[in-house]
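First residue of the sequence shown: 365, per this note's numbering; consecutive thereafter.
All C-beta atoms in this analysis are idealised placements derived from N, C-alpha and C, irrespective of residue type, glycine included.
As the structure is a prediction and not an experimental result, all values here were calculated from the model.
Since the structure comes first, as structure tokens, the remarks are kept for the end.
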Amino acid sequence: MLSWFWNNENHGEIPNGTNIDNKIKFSIGKEEHTVNPDDVSPETTLNDYLRNKLYLTGTKKMCYEGGCGSCVVSVIKPGDEKAMAINSVSL
Numbered sequence: 365m366l367s368w369f370w371n372n373e374n375h376g377e378i379p380n381g382t383n384i385d386n387k388i389k390f391s392i393g394k395e396e397h398t399v400n401p402d403d404v405s406p407e408t409t410l411n412d413y414l415r416n417k418l419y420l421t422g423t424k425k426m427c428y429e430g431g432c433g434s435c436v437v438s439v440i441k442p443g444d445e446k447a448m449a450i451n452s453v454s455l
């Protein structure tokens, strides 16, 4: 999953010499967030984190599998300008 964030020509491989600290870093608006692996369980989805840790309850959870589309959030990968629609219950 971490390899998805790397914008390179190796089709998802992490570049040699890259320091991986297992933290997930993202921003919402202009506010930066860092999630440490010890702070959340492996079962925590992006939807759970947004709603239960950041109290951003505008992101909905209906079918719990991403089929209905109510949990969709907009994601922009580092270095890209185009946003993608991602099911927040799947990440």
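Check: Check each candidate in Asn-411, Asn-400, Ile-388 and name the one with the smallest Cα separation from Glu-429.; Outcome: Asn-411
Check: So for Lys-387, helix, strand or coil by DSSP?; Outcome: coil
Check: Just to confirm my understanding: we take Met-448, look at its own chain, exclude 5 residues before and 5 after, and list those with CB closer than 8 Å. What are they?; Outcome: Ser-438, Val-439, Ile-440, Lys-441
Check: So Lys-425 and Val-453 are supposed to be a Cβ contact under 8 Å. How far apart are they, rounded?; Outcome: 6 Å
Check: For Lys-387, which residues of its own chain have a beta-carbon under 6 Å away from its beta-carbon, when the five flanking residues on both sides are left out?; Outcome: Thr-398, Asn-400
Check: What would DSSP say about Asn-411, mapped onto helix, strand or coil?; Outcome: helix
Check: Between which two residues does the beta strand (DSSP E) carrying Ala-449 extend?; Outcome: 448-451
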